[in-house]
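Heads up, the thing below is written out as structure tokens.
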């Protein structure tokens, strides 16, 4: 199940964050709580996964949920970048590639060149 793999990968990513920073207070819980709303918006096609590991609004989506998720993803990527000696941008691009592999059919994704496609 692609959604299950996405959740497992997300949880593994979050585990790295929690292990590397004491300031993660509530980050994992917030992301898990938002997951059903995000999955529903992805399924409707009103948001997509862009090529830097963030969500992009593509229609009438809950922009507050998308903004909150992107802010938390940025924190996760920054913590992983610090731990691995790379940049948050590189972490986001790698995560975007993983998300694209695991995304269920019908999900809007952005290619590295910027073109959008429906999986």
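Residue numbers (UniProt numbering): 1 to 119.
Glycine included, C-beta positions come from ideal geometry on N, C-alpha and C.
Inter-stretch contact (C-beta, 8 Å, three-pair minimum) for the region 39-58 and the region 107-115
yes
Quick check for students: name the residue ranges of the beta strand (DSSP E) that lie wholly in the region 60-95, counting only runs of 3 or more.
none
Whole-angstrom C-beta distance between residue 93 and residue 53, which should lie under 8 Å:
In the chain shown, residue 53 corresponds to position 53, counting from 1. In the chain shown, residue 93 corresponds to position 93, counting from 1. That pair is a contact at about 7 Å.
Closest to residue 95 by CA distance: which of 77, 83, 86 is it?
By 1-based counting over the chain shown, the position of residue 95 is 95. Nearest of 77, 83, 86 to residue 95, Cα basis: 77.
Of the choices 74, 61, 29, 80, whose alpha-carbon is the least far from that of residue 46?
What you label residue 46 is simply residue 46 of the chain shown in a count that begins at 1. Closest by alpha carbon: 61.
Would you list the residues sitting across from residue 47 in a DSSP beta bridge?
The residue given as residue 47 occupies position 47 in the chain shown. Paired residue(s): 57.
If the criterion is Cβ atoms closer than 8 Å, does the pair residue 91 and residue 80 meet it?
In the chain shown, the residue the question calls residue 91 occupies position 91. In the chain shown, the residue the question calls residue 80 occupies position 80. Result yes, Cβ atoms of residue 91 and residue 80 sit closer than 8 Å.
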